[in-house]
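Visitor: Per this note's numbering, residue 8 is the first one in the sequence shown, and the count goes up by one each step. Heads up, the beta-carbon is just placed ideally off N, CA and C, and yes, glycines get one too. Right, I'll just put the structure down here and ask away after.
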Amino acid sequence: MSYPKDIYNNLDAFVKGNLQGAELQEFEAALLHDPELAEKVENARFLQKLVFKNRLLTIKDLAKQEEARIGQKNQYIKKGIIGISLLTLILVTIGILQYNKKEDKVSIQSVESPGIAPEVISNSALGKSDLEKKTNPELPNAHSENNKILKSDNSGNPNAESYHVVVDTIQPKPTVDNASIKLEDSKSEDSKVISGSDAKVKDENTQPCGLVQLKTKISTTPACIGSTNGKIEAINISGGTKPYTQNLFLNGREVYSNSGLKAGNYELVITDSKSCEQRFTAQVSEISCPINDYFNPSFGEVWNIPVTDKAGKLTIYTKSGIPIYQMDLKRNTATTWNGIDKYERLEAGYFIFVIEYEDGEVLKGSVTITL
8 MSYPKDIYNN LDAFVKGNLQ GAELQEFEAA LLHDPELAEK VENARFLQKL
58 VFKNRLLTIK DLAKQEEARI GQKNQYIKKG IIGISLLTLI LVTIGILQYN
108 KKEDKVSIQS VESPGIAPEV ISNSALGKSD LEKKTNPELP NAHSENNKIL
158 KSDNSGNPNA ESYHVVVDTI QPKPTVDNAS IKLEDSKSED SKVISGSDAK
208 VKDENTQPCG LVQLKTKIST TPACIGSTNG KIEAINISGG TKPYTQNLFL
258 NGREVYSNSG LKAGNYELVI TDSKSCEQRF TAQVSEISCP INDYFNPSFG
308 EVWNIPVTDK AGKLTIYTKS GIPIYQMDLK RNTATTWNGI DKYERLEAGY
358 FIFVIEYEDG EVLKGSVTIT L
């Protein structure tokens, strides 16, 4: 089948995606009804893919060639740098060797100079081998007593003697005496400092608590007559080193609680963590405290009369003030009352008691009998 000329033009434009409008619609309609045209479109698309792929391959080859060219150039640069470094090292080595050669020549000329030759030649016993020994400091046989050199260690004490041949006109003799004196002086100064610090430490260990002063405020609570309800408190302890411990003593015996105390003069010992201690005195006074108690004789109960280290006299009154019972109290003796009055009666009620101690102290309170 033959096609008009514009069909071929439209074929190329269709494959490239440039066909639009009525021309695009006309071409798509022809493509549906003409299989030969469809085959040509498919072939055109295949050729377009091949061209695109070849272009990509060409670009890739160009990139590889450029990369190889740059790598070869870098390799030349690296070789150039290595060559320059080797050349520099060779030049420096040659310079050092030339300098050492000149130094050796100068040293040989200084030994064989006419100004020094008379001293060496004056000794007829020295031959050529002796001259080499004399100019070589490492040979112990070529030495002179006038050319001894004493070396000192770090502590200032001279080591064993070492010998070295020294030409008097070139090297003067070292002043060993002055160096030894300076080292000995510095050593003695160090000894003085150490001995001073040792004495200071010894003095501190002898009296570690000499300058320590512990302070506190002591608060005491009086004990009621016949009771052990006194108390001693150390408030705001300061000085020394925390933590602190407290020990309480009464008449030389330790008391293991600062409460429940009876009247008396106590000694409080406060100790810090460095075993430095301070002693304080505290007095627990004795006062008359009203005591209210009760008991039920029907259940076998009795009233326990307060016990003290003082003798006294107990009197029990009715609430109207009539005495109904009296008893003498002995020191440190437990005594009870079962509620029976002097008339051998047992009555329930509210009663008042008064205890008069031998030192003038008076203890008052109340007791209630229930039945």
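Relative to the alpha-carbon of Ala-260, which residue among Tyr-251, Gly-267, Tyr-273 has its alpha-carbon at the smallest distance?
Guide: In the sequence as displayed, the identity of residue 260 is Arg instead of Ala. Out of Tyr-251, Gly-267, Tyr-273, Tyr-273 has the C-alpha closest to the C-alpha of Arg-260.
Visitor: With distances taken from CA atoms, which of Leu-370, Thr-227, Gln-333 is nearest Asn-299?
Guide: Taking only the C-alpha atoms, the option nearest Asn-299 is Leu-370.
Visitor: Put Pro-330 into one of helix, strand or coil per three-state DSSP.
Guide: Of the three classes helix, strand and coil, the one that applies to Pro-330 here is strand, per DSSP.
Visitor: Can you tell me which of Val-291, Asp-366, Thr-278 puts its alpha carbon nearest to the alpha carbon of Lys-317?
Guide: The shortest Cα separation from Lys-317 among Val-291, Asp-366, Thr-278 belongs to Asp-366.
Visitor: What are the boundary residues of the alpha helix (DSSP H) that includes Phe-34?
Guide: Residues 28–40.
Visitor: For Gly-319, which residues from the same chain have a beta carbon less than 7 Å from its beta carbon, with the 5 sequence-adjacent residues on both sides left out?
Guide: Answer for Gly-319: Leu-336, Ile-362, Glu-363, Tyr-364, Glu-365, listed in chain order.
Visitor: Using a 10 Å radius around the Cβ and a threshold of 16 neighbouring Cβ atoms, would you call Phe-21 buried or exposed?
Guide: Counting Cβ neighbours within 10 Å, Phe-21 comes out buried, since at least 16 surround it.
Visitor: What would DSSP say about Asn-265, mapped onto helix, strand or coil?
Guide: Looking at Asn-265 - three-state DSSP - the assignment turns out to be coil, as it is neither helix nor strand.
Visitor: Do Thr-315 and Ser-280 have their C-beta atoms closer together than 8 Å?
Guide: Not in contact: Thr-315 and Ser-280 (Cβ atoms no closer than 8 Å).
Visitor: From the beta carbon of Cys-283, is the nearest beta carbon of chain B less than 8 Å away?
Guide: Of the protein chains in the structure, only one exists, and it is not chain B.
Visitor: By the three-class DSSP mapping on this structure, what secondary structure does Asp-300 have?
Guide: Strand.
Visitor: Nearest to Val-262 by CA position, among Thr-95, Ile-244, Thr-235, Asn-303, is which residue?
Guide: Out of Thr-95, Ile-244, Thr-235, Asn-303, Thr-235 has the C-alpha closest to the C-alpha of Val-262.
Visitor: By how many angstroms is the C-alpha of Ala-230 removed from the C-alpha of Glu-354?
Guide: Near 32 Å, if we compare the C-alpha coordinates of Ala-230 and Glu-354.
Visitor: In three-state DSSP terms, what is Ser-305?
Guide: Note: Ser-305 maps to helix in three-state DSSP.
Visitor: For a test of the three-state rule: what should DSSP assign to Gln-253, helix, strand or coil?
Guide: Three-state DSSP puts Gln-253 in a strand.
Visitor: Within a Cβ cutoff of 7 Å, which residues of the same chain sit near Leu-18, ignoring the five residues on either side of it in sequence?
Guide: Lys-47, Val-48, Ala-51, listed in sequence order.
Visitor: With distances taken Cα to Cα, identify the nearest neighbour of Thr-322 among Gly-372, Leu-257, Lys-85, Ile-225.
Guide: Out of Gly-372, Leu-257, Lys-85, Ile-225, Gly-372 has the C-alpha closest to the C-alpha of Thr-322.
Visitor: Considering only residues of the same chain and omitting the five flanking positions on each side of Ile-359, which have a CB-CB separation below 6 Å?
Guide: Tyr-324, Ser-373, listed in sequence order.
Visitor: When DSSP labels each residue in this structure, what does Asp-335 get in the three-state scheme?
Guide: It is a strand residue.
Visitor: Could you tell me how far apart the beta carbons of Gln-285 and Thr-227 are, in whole angstroms, since I believe they sit closer than 8 Å?
Guide: At roughly 18 Å, the Cβ-Cβ gap does not stay under 8 Å, so Gln-285 and Thr-227 are not in contact.
Visitor: Within 10 angstroms of its Cβ, does Gly-90 collect 16 or more other Cβ (buried), or is it exposed?
Guide: With fewer than 16 Cβ atoms within 10 Å of its Cβ, Gly-90 is classed as exposed.
Visitor: Per DSSP, what are the beta-bridge partners of Lys-222 in this structure?
Guide: Its beta-bridge partners are Ser-245.
Visitor: Is it buried or exposed, Leu-275, if we count other Cβ atoms within 10 angstroms and call 16 or more buried?
Guide: Buried, because 16 or more other Cβ atoms sit within 10 Å of the Cβ of Leu-275.
Visitor: Within 10 Å of its beta-carbon, does Leu-98 have 16 or more other beta-carbons around it, so buried, or fewer, so exposed?
Guide: Exposed: under 16 other Cβ atoms inside 10 Å.
Visitor: Among the residues of its own chain, which have a CB less than 8 Å from the CB of Thr-288, if the five just before and after it don't count?
Guide: Answer for Thr-288: Asn-272, Tyr-273, Glu-274, Leu-275, listed in chain order.
Visitor: Taking only the alpha-carbon atoms, compute the straight-line gap between Gly-106 and Leu-96 and give it to the nearest angstrom.
Guide: In the sequence on display, residue 106 carries Tyr and not Gly. Answer to the nearest angstrom: the Cα atoms are 15 Å apart.
Visitor: Applying the criterion that 16 or more other CB atoms from any shown protein chain within 10 Å of the CB defines a buried residue, is Glu-293 buried or exposed?
Guide: By the 10 Å Cβ count, Glu-293 comes out buried.
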